[in-house]
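According to my numbering, the residues represented by the sequence shown are -1 to 160, in order.
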Amino acid sequence: MGNPKIRAVGGPKSSNAEKRRQLYAKAITKAKSAHKNRFYIEAIAIWESIIADRLEARRQFLHPDDTEKHVFGTLGRLIKSLKKEEDKVNTDLLECYSKVFKWADDRNVAVHELVKLDRDNLDNNWKKRYNNLKITSENGQALSKELSSLIRKHNKREKNVI
């Protein structure tokens, strides 16, 4: 299966900070443009990448010396891992992780089941499905913003405590 991809070391003063900032700026601009032009699946994919990177950043912060914890992961695996590792007093982060888990499920339905006909939901026509793509894209943007803010806040606070 090859070697797993490892997230480059980050942090605001790292050599990769500017590279990552540029990637984020371009990705956010592209996702917003894709959404505006109704390319919702493209926008959702970009929001997912940003959300996953933020979760990977948190795991990397929590385990700076454990490169096994720096491996790229799916949203589901990242959330399950972070919920176990997160300090229980960080209720805002834990709640946000639950939102990400829910959003990942919505993303799966919106994107991966776009043309699948569910026998229990036969009236879910194209218009409803397409509108669900739009909503999932909008929610992905809001969630990526919320998650990024919370992770920055907690990483900064916890770094100052250590």
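Built from N, CA and C at the ideal position, the CB exists for glycine as well.
Just so you know, these numbers come straight off a predicted model, no measurement behind them.
For my contact list, Val109 and Ile77 are in at a C-beta cut-off of 8 angstroms; report their separation, rounded to the angstrom. Position 111 of the sequence shown, counted from the start, is the residue given in the question as residue 109. Position 79 of the sequence shown, counted from the start, is the residue given in the question as residue 77. The Cβ separation is near 18 angstroms, so there is no contact.
Could you give the distance in angstroms between the alpha-carbon of Cys94 and the alpha-carbon of Lys143? Counting from one through the sequence shown, the residue named residue 94 turns up at place 96. Counting from one through the sequence shown, the residue named residue 143 turns up at place 145. Their Cα atoms are separated by approximately 11 angstroms.
Taking the alpha carbon of Lys82 as the reference point, which residue from Arg56, Asn14, Ile44, Asn123 has its own alpha carbon closest? Working through the sequence shown from its first residue, we reach residue 82 at position 84. The option with the nearest alpha carbon to Lys82 is Arg56.
At least three beta-carbon pairs within less than 8 angstroms, the region 101 to 116 to the region 1 to 20: no
Looking at the structure shown, is Asp90 part of a helix, part of a strand, or coil, going by DSSP? Position 92 of the sequence shown, counting from 1, holds the residue named residue 90. Helix, per DSSP.
So Ala161 and Ile44 are supposed to be a Cβ contact under 8 angstroms. How far apart are they, rounded? Nothing about residue 161 can be read from this structure; the chain reaches only from -1 to 160.
Host alpha helix (DSSP H) of Arg57 (start-end): Here residue 57 is taken as the residue at index 59 of the sequence shown, counted from 1. Per DSSP, Arg57 belongs to the alpha helix (DSSP H) from 38 to 60.
Near Asn137, which residues of its chain fall below 8 angstroms by C-beta distance, leaving aside the five closest residues on each side in sequence? Here the question's residue 137 lines up with position 139 in the sequence shown. Once the five neighbours on either side are set aside, the close Cβ partners of Asn137 are Trp101, Asp104.
Quick one: is Glu46 buried, meaning 16 or more other Cβ sit within 10 Å of its Cβ, or exposed? Taking the first residue of the sequence shown as 1, we reach residue 46 at position 48. Classification for Glu46: buried.
With C-beta atoms as the reference, is Tyr38 less than 7 angstroms away from Lys151? For the purposes of this step, residue 38 is taken as residue 40 along the sequence shown, with counting starting at 1. For the purposes of this step, residue 151 is taken as residue 153 along the sequence shown, with counting starting at 1. Not a contact, by the Cβ cut-off of 7 angstroms.
Roughly how many angstroms lie between the CA atoms of Asp90 and Leu148, to the nearest whole one? Sequence index remark: in the sequence shown, residue 90 carries index 92 (1-based). Sequence index remark: in the sequence shown, residue 148 carries index 150 (1-based). Answer to the nearest angstrom: the Cα atoms are 8 angstroms apart.
Using only the alpha-carbon positions, how far apart do Lys3 and Leu73 sit? Taking the sequence shown and counting its residues from 1, one reaches residue 3 at position 5. Taking the sequence shown and counting its residues from 1, one reaches residue 73 at position 75. Distance between the alpha carbons of Lys3 and Leu73 is about 15 angstroms.
Kindly examine the ligand FMN and report whether one of its heavy atoms sits closer than 6 angstroms to the Cβ of Leu112. Among the ligands in the structure shown, none appear at all, so the ligand FMN cannot be discussed.
Verify whether the separation of the beta carbon atoms of Ile48 and Thr134 is less than 7 angstroms. Taking the sequence shown and counting its residues from 1, one reaches residue 48 at position 50. Taking the sequence shown and counting its residues from 1, one reaches residue 134 at position 136. Going by C-beta atoms, Ile48 is not nearer than 7 angstroms to Thr134.
Should Ile160 go down as buried or exposed, given a rule of 16 or more other Cβ atoms within 10 Å for buried? Indexing the sequence shown from 1 puts residue 160 at position 162. The predicted position of Ile160 is uncertain, since its pLDDT is 49 and thus under 50; a value taken from the coordinates is nonetheless stated next. Result: exposed.
Tell me which residue opens and which closes the alpha helix (DSSP H) that Thr27 is part of. By 1-based counting over the sequence shown, the position of residue 27 is 29. That run of the alpha helix (DSSP H) goes 15 to 34.
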